[in-house]
Amino acid sequence: MKTIGLYIHIPFCTAKCPYCDFYSVKADSEALDRYTCIITDRINSYKGKYPADTVYIGGGTPSILGTKRLCDILNAVNGSFGTNSLETTIEVNPCSAQQLDFSLLHDFGINRVSMGLQSSDPQELRLLGRRHTCEDVMYSAEKIRKGGIDNISLDLMLGISHQTIDSLRKSIEFCSDLDVNHISAYILKIEERTPYFKTADTLDLPDDDAVCDLYEFAVEKLKSLGYDQYEISNFCKNGFESRHNLKYWHCEEYLGIGPAAHSFIDKRRFYYNRSIEEFKQGIIIDDGTGGDIEEYIAMTLRLNEGLKYSKFEEYFGTPFPIMYRKKAEQLAKTKLLICDDNGIRLNTKGFLCSNSIITGILY
Ligand code: SF4
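Read in order, the letters of the sequence shown are residues 649 to 1011 in my numbering.
Given below as structure tokens:
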């Protein structure tokens, strides 16, 4: 029986952050109860089909469900996908995390927590529409650890209005002082469906060059503090890579349950629409075949180790196509990527224009 990564989507937030395009809505406690029933029923419908060796409960804001509903969901997960998950992560908000009983969640399998810090600068947090403070993050981290969970990841954002190298340095040092194992540092992207998109001209965002400087600074600073980069936006102490997210970049199989959740099983991609109602009705959208050579190249080049020819051959049972290798070798003259006998990998500057490099290799 094949082993998969399991993703569970919790589509609720107390308020919508103006830059966020993830699918989430506001909900009262009755709606949270109803959703918990819907999703546990759906999880139960997969009983015994696939064992999961990683589980990721994301959102939205899973922590607003509270301990009892989360335990109901974890109970269904354990009953249907087994209890052999090596890594079971929950995303939490620094405020609602304070209400959770992490010791109980740990008993139900949670062994990793990902928390959205974004910045340690109060003004930057305000500009992002975030309501938490650094003290909330410190308090929650302490609570998570007291509950027996040592594996903590913090999210940072790069390219916030008025962000400077100095304010970013302080945010990174804040994470390091908290001694977390993993840091994700995402460049703010203005997505079309968000309030930020409508007001982008008034936001006084750093220009592209300034964002590149912030990114390059972050990579260096994080490295100096013991956080090695392993993917475009992800950094960790030795051995603390996110096993679940690595599945996406290695084109391994995963099942997503919840509105807006995507899956990749048996070379097919499929997903649920961004609608709780359609999810309740069990409407699944087929997104065609996946895991082809082009997709594999695009996903693995997000990783620091890049695309390894030996792993490619293992995955496809055929050597890496010479046509792509020649294009990569040609592009390597730009010094944005390295192409040697082991494979192809992007460097820091290359990560900043990964889309054009990948397009250059593929077309
Ligand atoms: S950024 Fe996080 S907390 Fe804010 S709306 Fe998006 S999912 Fe919710």
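Where is the CB? At the ideal position from N, CA and C, for every residue including glycine.
_Whole-angstrom distance between Asn723 and Val703, CA atom to CA atom_ = As a position in the sequence shown, residue 703 is number 55, starting the count at 1. As a position in the sequence shown, residue 723 is number 75, starting the count at 1. Cα-Cα distance, rounded: 13 angstroms.
*Roughly how many whole angstroms lie between the Cα atoms of Leu984 and Gly1008?*
The count along the sequence shown starts at 1 and reaches residue 984 at position 336. The count along the sequence shown starts at 1 and reaches residue 1008 at position 360. So the alpha carbons of these two residues sit roughly 12 angstroms apart.
_Quick check: the Cα distance between Arg891 and Ile880, rounded to an integer number of angstroms?_
Numbered from its first residue, the sequence shown carries residue 891 at position 243. Numbered from its first residue, the sequence shown carries residue 880 at position 232. Rounded to the nearest angstrom, the two C-alpha atoms are 15 angstroms apart.
*asked:* Suppose you measure from the CA of Leu894 to the CA of Leu802; what does that come to, to the nearest Å?
replied: Within the sequence shown, the letter at position 246 stands for residue 894. Within the sequence shown, the letter at position 154 stands for residue 802. Between Leu894 and Leu802, the C-alpha separation is close to 17 angstroms.
*According to the Cβ coordinates, are Thr996 and Glu864 closer than 8 angstroms?*
To locate residue 996, count along the sequence shown from 1; it is residue 348. To locate residue 864, count along the sequence shown from 1; it is residue 216. Cβ distance < 8 angstroms, so Thr996 and Glu864 count as in contact.
*Do the segment 805-818 and the segment 830-837 make contact, defined as three or more Cβ pairs closer than 8 angstroms?*
yes
*Within the present structure, is the beta-carbon of Phe845 separated from the nearest heavy atom of the ligand FMN by less than 7 angstroms?*
Only the ligand SF4 can be found as ligands here, which leaves the ligand FMN out of the picture.
_According to DSSP, residues forming a beta bridge with Phe883_ = Indexing the sequence shown from 1 puts residue 883 at position 235. According to DSSP, which records beta bridges pairwise, Phe883 is partnered with Ile831 and Gln877.
*For the ligand SF4, enumerate in chain order all residues having a CB closer than 6 angstroms to any of its heavy atoms.*
Cys661, Lys664, Cys665, Cys668, Phe670, Ser672, Gly707, Gly708, Thr709, Asn741 and Gly764
*Which two residues bound the contiguous beta strand (DSSP E) that contains Tyr919?*
As a working mapping, residue 919 is identified with position 271 in the sequence shown. First-last of the beta strand (DSSP E) with Tyr919: Arg916 to Tyr920.
_Considering Cα atoms alone, identify which of Glu889, Ser923, Thr842 and Thr688 is closest to Ile800._
For the purposes of this step, residue 800 is identified with residue 152 of the sequence shown, where counting begins at 1. That would be Glu889, whose Cα lies nearest to the Cα of Ile800.
*Using CA coordinates, which residue listed in Gly795, Ile797, Gln766 and Gly954 is at the minimum distance from Cys782?*
Within the sequence shown, the letter at position 134 stands for residue 782. For the residues Gly795, Ile797, Gln766 and Gly954, the minimum Cα distance to Cys782 belongs to Gln766.
_Tell me the DSSP secondary structure of Asn723 in three-state form._
Within the sequence shown, the letter at position 75 stands for residue 723. Three-state result, Asn723: helix.
_Alpha carbon of Gly906 to alpha carbon of Val785, nearest angstrom_ = One-based indexing of the sequence shown puts residue 906 at position 258. One-based indexing of the sequence shown puts residue 785 at position 137. Distance between the alpha carbons of Gly906 and Val785: 27 angstroms.
*Would you mind stating whether Leu851 and Ser809 have Cβ atoms separated by less than 8 angstroms?*
Within the sequence shown, numbered from 1, the residue matching residue 851 stands at position 203. Within the sequence shown, numbered from 1, the residue matching residue 809 stands at position 161. Yes, these two residues count as a Cβ contact at 8 angstroms.
*So His910 is in the beta strand (DSSP E); what residue range does that whole segment cover?*
For the purposes of this step, residue 910 is taken as the residue at position 262 of the sequence shown. Taken as a continuous stretch (DSSP letters only), the beta strand (DSSP E) holding His910 covers His910 to Ile913.
*asked:* For Arg760, which residues in the same chain have their Cβ closer than 6 angstroms to its Cβ, ignoring the five residues on either side in sequence?
replied: Your numbering for residue 760 matches position 112 in the sequence shown. Closer than 6 angstroms at the Cβ level, and outside the excluded window around Arg760, lie Glu735, Thr737 and Asn799.
*Measure the C-alpha to C-alpha separation of Asp876 and Ile820 and round it to an integer number of angstroms.*
Numbered from its first residue, the sequence shown carries residue 876 at position 228. Numbered from its first residue, the sequence shown carries residue 820 at position 172. About 13 angstroms.
*Residue range of the alpha helix (DSSP H) that includes Cys860*: For the purposes of this step, residue 860 is taken as residue 212 along the sequence shown, with counting starting at 1. First-last of the alpha helix (DSSP H) with Cys860: Asp856 to Ser872.
_I want to know whether the segment 681-693 touches the segment 739-748 - three or more CB-CB distances under 8 angstroms._
no
*Using the C-alpha atoms, what's the distance from Leu773 back to Leu870?*
In the sequence shown, counting from the first residue as 1, residue 870 sits at position 222. In the sequence shown, counting from the first residue as 1, residue 773 sits at position 125. Computed Cα separation, rounded: 21 angstroms.
*Which of helix, strand or coil DSSP assigns to Asp991*: Numbered from its first residue, the sequence shown carries residue 991 at position 343. It is worth fixing the name first, because residue 991 is Gly in this sequence and not Asp. Three-state DSSP puts Gly991 in a strand.
*What do you reckon, are the CB atoms on Phe660 and Thr709 nearer than 8 angstroms?*
The count along the sequence shown starts at 1 and reaches residue 660 at position 12. The count along the sequence shown starts at 1 and reaches residue 709 at position 61. Yes, they are a contact pair.
*For Gln747, which of helix, strand or coil comes out of DSSP?*
If you number the sequence shown from 1, residue 747 lands on position 99. Gln747 falls in the helix class under three-state DSSP.
*Taking only the alpha-carbon atoms, compute the straight-line gap between Ile656 and Lys981 and give it to the nearest angstrom.*
One-based indexing of the sequence shown puts residue 656 at position 8. One-based indexing of the sequence shown puts residue 981 at position 333. Straight-line Cα distance between these residues: approximately 43 angstroms.
*Could I get the ranges of all uninterrupted beta strand (DSSP E) runs contained in the segment 916-963, with 3 residues as the minimum, in chain order?*
916-920 and 932-937
_When you compare the CB positions of Phe912 and Tyr920, do they come within less than 8 angstroms of one another, or not?_
Counted from its first residue, the sequence shown places residue 912 at position 264. Counted from its first residue, the sequence shown places residue 920 at position 272. Contact flag unset, no.
*Note down the Cα distance separating Leu998 from Lys837, rounded to an integer number of angstroms.*
Position 350 of the sequence shown, counting from 1, holds the residue named residue 998. Position 189 of the sequence shown, counting from 1, holds the residue named residue 837. Leu is not the amino acid found at residue 998; the sequence shown has Gly there. Whole-angstrom Cα-Cα distance: 18 angstroms.
*Please determine, among Asp701, Asp825 and Ile687, the residue with the shortest C-alpha to C-alpha distance to Ala789.*
Taking the sequence shown and counting its residues from 1, one reaches residue 789 at position 141. The shortest Cα separation from Ala789 among Asp701, Asp825 and Ile687 belongs to Asp825.
*Can Tyr972 and Ile945 be called in contact, C-beta distance under 8 angstroms?*
Residue mapping note: residue 972 aligns to position 324 of the sequence shown, counting from 1. Residue mapping note: residue 945 aligns to position 297 of the sequence shown, counting from 1. Yes, the pair counts as a contact, with Cβ atoms nearer than the cut-off.
*Would you report the Cα separation of Ile792 and Asp827, rounded to the nearest angstrom?*
Residue numbering aside, residue 792 sits at position 144 when the sequence shown is read from its first letter. Residue numbering aside, residue 827 sits at position 179 when the sequence shown is read from its first letter. Rounded to the nearest angstrom, the two C-alpha atoms are 13 angstroms apart.
*Roughly how many angstroms separate the alpha carbons of Asp940 and Ile932, rounded to a whole number?*
By one-based count along the sequence shown, residue 940 stands at place 292. By one-based count along the sequence shown, residue 932 stands at place 284. When rounded, the distance between both Cα atoms is 22 angstroms.
*Might you give, ordered along the chain, the residues of its own chain that have their beta carbon closer than 8 angstroms to the beta carbon of Thr842, omitting 5 neighbours on each side?*
As a working mapping, residue 842 is identified with position 194 in the sequence shown. Excluding positions up to five away in sequence, the list reads Pro666, Tyr667, Cys668 and Asp669.
_Here's the rule: buried if 16 or more other CB atoms are within 10 angstroms of the residue's CB, otherwise exposed. What is His780?_
Locating residue 780 in the sequence shown gives position 132, where the first residue counts as 1. With 16 or more Cβ atoms within 10 Å of its Cβ, His780 is classed as buried.
*By how many angstroms is the C-alpha of Val725 removed from the C-alpha of Thr715?*
One-based indexing of the sequence shown puts residue 715 at position 67. One-based indexing of the sequence shown puts residue 725 at position 77. When rounded, the distance between both Cα atoms is 15 angstroms.
_Can you look up Glu735 in the DSSP assignment and give me helix, strand or coil?_
Within the sequence shown, the letter at position 87 stands for residue 735. Three-state DSSP puts Glu735 in a strand.
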